[in-house]
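Q: Residue numbers (our numbering): 779 to 959. Glycine included, every Cβ here is placed at the ideal spot set by N, Cα and C.
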Ligand SMILES: [Zn+2]
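Now the structure itself:
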């Protein structure tokens, strides 16, 4: 989907940066998730949580406030290319994310799902990622938001702080302020 694709100017810069990164085995330099997980500037890359096998990143081009992606570290796009333990951790983490967003964002409901394959709308079909989209009574409905009508009232920075604090309760104050590494 367009929301997740890089803009042309960003694309050149990111590919230049990617050429200097050491990616994980099997990683794709053209994949923003593969680039992000091997860097340390999680705040800049919008990674709010790193688990054992999967991580959580804010969607830079969200459908709706609070739109998160949960993805394995490994670059593989098919469900059957990931071990069952990856799916278990993904669902456990999704359960936790729902709890946090109900509590801290006062979400009333959620759209949760995955686009498998480019034909299904996957923006990065080579790297599996689950969409977690919180919903509120009276917000835009899902299909118009996919079509590009976005009503985003909360900045990504504010959302990052809320989610990072909730998911990393033992992080230092410096991390919370984004000054850590
Ligand atoms: Zn990837």
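Report the three-state DSSP secondary structure of residue 947 (helix, strand or coil).
A: coil
Q: Would the beta-carbon of residue 864 fall within 8 Å of that of residue 831?
A: Yes, the Cβ-Cβ distance between residue 864 and residue 831 is below 8 Å.
Q: Residue 854 to residue 906, Cα distance in whole Å?
A: 6 Å
Q: What is the chain-ordered set of residues for which the beta carbon lies under 7 Å from any non-hydrogen atom of ligand 1?
A: Sorted by position in the chain, 805, 806, 809, 811, 812, 853, 902, 904 and 905 make up the residues whose C-beta lies under 7 Å from a heavy atom of ligand 1.
Q: Any idea if residue 897 is buried or exposed, counting beta-carbon neighbours within 10 angstroms, 16 or more meaning buried?
A: So residue 897 ends up on the exposed side.
Q: Going by C-alpha distance, which of 795, 857 and 834 is nearest residue 903?
A: 857
Q: Nearest CA to the CA of residue 871: which residue from 909, 848 and 805?
A: 848
Q: Could you work out which residue in 866, 938 and 851 is closest to residue 960 when comparing CA atoms only?
A: Look at the range of the chain in this structure, 779 to 959, and you will see that residue 960 is not part of it.
Q: Which word fits residue 846, buried or exposed, when buried means at least 16 other C-beta atoms lie within 10 angstroms of its C-beta?
A: buried
Q: Rounded to whole angstroms, what's the CA-CA distance from residue 815 to residue 894? Just pull it up for me.
A: 21 Å
Q: Quick one, are the C-beta atoms of residue 824 and residue 838 less than 8 Å apart?
A: yes
Q: Pull up the CB-CB distance for residue 852 and residue 804, whole angstroms please, since I reckon it's below 8 Å.
A: 6 Å
Q: To which residues of the same chain is residue 800 closer than 7 Å at the C-beta, ignoring the five residues directly before and after it?
A: Cβ within range, chain order: 816.
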